[in-house]
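Reviewing the structure listed below.
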Amino acid sequence: MSEPKIWLSSPHMGGQEIKFVQEAFDTNWVAPVGPHIGDFEQDLRSYTGAGHCSVLGSGSAAIHIGQRLLGVERRDVVLCQSFTFVATANSVLLQGATPVFVDSELETWNMCPVKLEEAIIDQQAQGKRVASIIPVHLYGMPSNMPAIMAVADKYGIPVFEDAAESLGSHINGKHTGTFGKGAALSFNGNKIITTSGGGALISDDEKLIQKARFWATQARDEAPHYEHSEQGYNYRMSNVVAAIGRGQMQVLPERIEARRANHDWYFKKLGETWLDAELRDGTVCIQNTSATGIYFLREPEGYFSNRWLTTVIVNPEETGGITRETIRLALDARNIEARPLWKPMHLQPLFSESKHYGNGVSDWLFEHGLCLPSGSNLGMAEFARIEAVLDEVFHFRMS
């Protein structure tokens, strides 16, 4: 009999969700509309500091509607982070626009402000309209939003943040998702809190959120019959799903604390070495050394990451040939899930013909990076199994 699966990031209920769901059933608010929707939106506004919020069926829906709200149209260019999940770019395609990919910086692994400006200058020189910019806060680490916003403001281009993985993360107390014109949140089953599926669009612009709600409910005009003068979508969140979200919000601080504790455990186990690296002629060069050959991404000064997933760089030159695949496969053999870092969009077959402003960072991260099991519900038994595999691979014991 195989050992129970240890997932990369599994749902973790707090206990209060059932109370809110039962309330929805007891009051017969099982239709898409209902009071939990407004309450969940208020919870998210209060937590993030965003002025307004509309909960939706997914984070992808939020990105899609967000691009339409910003006026993105067919043949427009949207500058997307290449190092991300495909939903970011797919949402651009849904608007008929062209995603153009920008590589990452080493400090955050997110959109590089230098390559961003290069992309803007080049695309505008070609006569293209750059309609929006989508930075992503991967694995909970905030993008360099001060620098990205400075570039965006210089050229008058709106920013829409993909904050699907970063609820609870901030820079000097300002939450991810509140820097740009709007942002997408995700409550997918693997996120730091979950509603099983679902997402939200947040913004300080009330008119944008009102329009988002209108489009998300099939753009039904005010009338006693079904009247439609604009294209809409079935993107709304149901009252029952929102009820789960209300329960999850009550334990969000605990979930962040647990994820960060996971990161601390791996950090101590695997050598306590932050990544110090620089680019030299398009090659990433590690500047420091690690006793184990494993490196972690530090939080820049003023940054706070929810550490949604613990990620590491594995340097085979220091590990005696052990690669991230060596570790991943060893964990997989014990029914423990780990995954490579995101494969950049410019390397995906779907976007093989797309323009990419590269510097080699995201390629290097994909080649050497690994996501380790990071669920907030990992216990001593699970960590003991993970540790046993790491000990076997690296032939060392935790001190």
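Under the working numbering, the letters of the sequence shown match residues 26 to 424, in that order.
Beta carbons: idealized from backbone N, C-alpha and C, even for Gly.
DSSP places GLN106 in the uninterrupted beta strand (DSSP E) bounded by 102–106. Shown here for GLU143: same chain residues with a beta carbon closer than 8 angstroms to its own, the five before and five after excluded, namely TYR382 in chain order. From the listed residues MET166, VAL127 and THR133, the smallest Cα separation to ASP147 is found for VAL127.
Its Cα nearest to that of LEU397, the residue HIS288 stands out among HIS288, SER221 and GLU28.
In the displayed model, ARG305 falls within a strand according to three-state DSSP. Counting along the chain, no alpha helix (DSSP H) covers ALA156; the unbroken beta strand (DSSP E) around it starts and ends at 155–159.
In the DSSP assignment, TYR382 is bridged to VAL127. With fewer than 16 other beta carbons inside 10 angstroms of its own, HIS250 counts as exposed. Per DSSP, the unbroken beta strand (DSSP E) holding ASP187 starts and ends at 185–187. Every beta strand (DSSP E) of 3 residues or more that sits fully in the segment 272–338 is shown, in chain order, as 302–305 and 308–311. Ranked by Cα distance from ARG238, the first of GLY91, TRP299, MET136 and SER194 is GLY91. In the structure shown, the three-state DSSP call for ILE217 is coil. Using a Cβ-Cβ distance cut-off of 8 angstroms, the segment 232–246 and the segment 254–262 are in contact, since at least three pairs of beta carbons, one from each stretch, lie closer than that value. Per DSSP, the unbroken beta strand (DSSP E) holding LEU397 starts and ends at 394–397. Bounds of the beta strand (DSSP E) holding VAL80 are 77–81. A buried status is given to TYR328, since no fewer than 16 other beta-carbon atoms sit within 10 Å of its beta-carbon.
Here MET136 is bridged, per DSSP, to SER129. The Cβ-Cβ distance between GLN273 and THR201 does not fall below 8 angstroms. Residues ILE88, GLY91, GLN92, LEU95, SER157, ILE158, ILE159, GLY205, LYS206, GLY207, ALA208 and ALA209 of the same chain have their beta carbon placed closer than 8 angstroms to that of PHE185, with the five preceding and five following residues left out of the count.
Of the residues assessed, TRP299 falls on the exposed side of the cut-off, its CB having fewer than 16 other CB atoms within 10 angstroms. Proximity to PRO29 across PHE419, ASP416, ILE411 and TYR260 peaks at ILE411, based on C-alpha coordinates.
Here VAL125 is buried. Its C-beta has 16 or more other C-beta atoms within 10 Å. For ILE352, the enclosing alpha helix (DSSP H) begins and ends at 349–358. Membership of ILE411 in the alpha helix (DSSP H) is indicated by the continuous run 405–419. Considered as a whole, the segment 242–276 harbours 264–274 as its complete alpha helix (DSSP H) runs of no fewer than 4 residues, in chain order. Counting along the chain, ALA87 sits inside the alpha helix (DSSP H) bounded by residues 84–94.
When secondary structure is reduced to three states using DSSP, ALA363 falls in the coil class, being assigned neither helix nor strand. Distance between CYS105 and THR351, taken at the CA atoms: about 31 angstroms.
Excluding residues up to 5 positions away in sequence, VAL102 lie with their Cβ nearer than 6 angstroms to the Cβ of THR123 in the same chain. Residue nearest to ARG99 within the set GLN120, SER107, ASP301 and ASN115 is GLN120 (criterion: CA-CA distance). Between SER191 and the set ILE281, ILE311 and TRP54, the nearest pair of CA atoms involves ILE281. Apart from sequence neighbours up to five positions away, the residues of its chain that approach GLU42 with a beta-carbon distance below 6 angstroms are ILE269 and GLY272, ordered along the chain.
Per the C-alpha coordinates, the member of ASP178, LYS216 and VAL97 positioned closest to ARG332 is LYS216. When the beta-carbon positions are compared, GLY307 and ASN340 stay at least 8 angstroms from each other. Contact between LEU395 and PRO365 holds, with the beta-carbon distance rounding to 6 angstroms and staying under 8 angstroms. Secondary structure note for SER211: its beta strand (DSSP E) is the uninterrupted segment 207–211.
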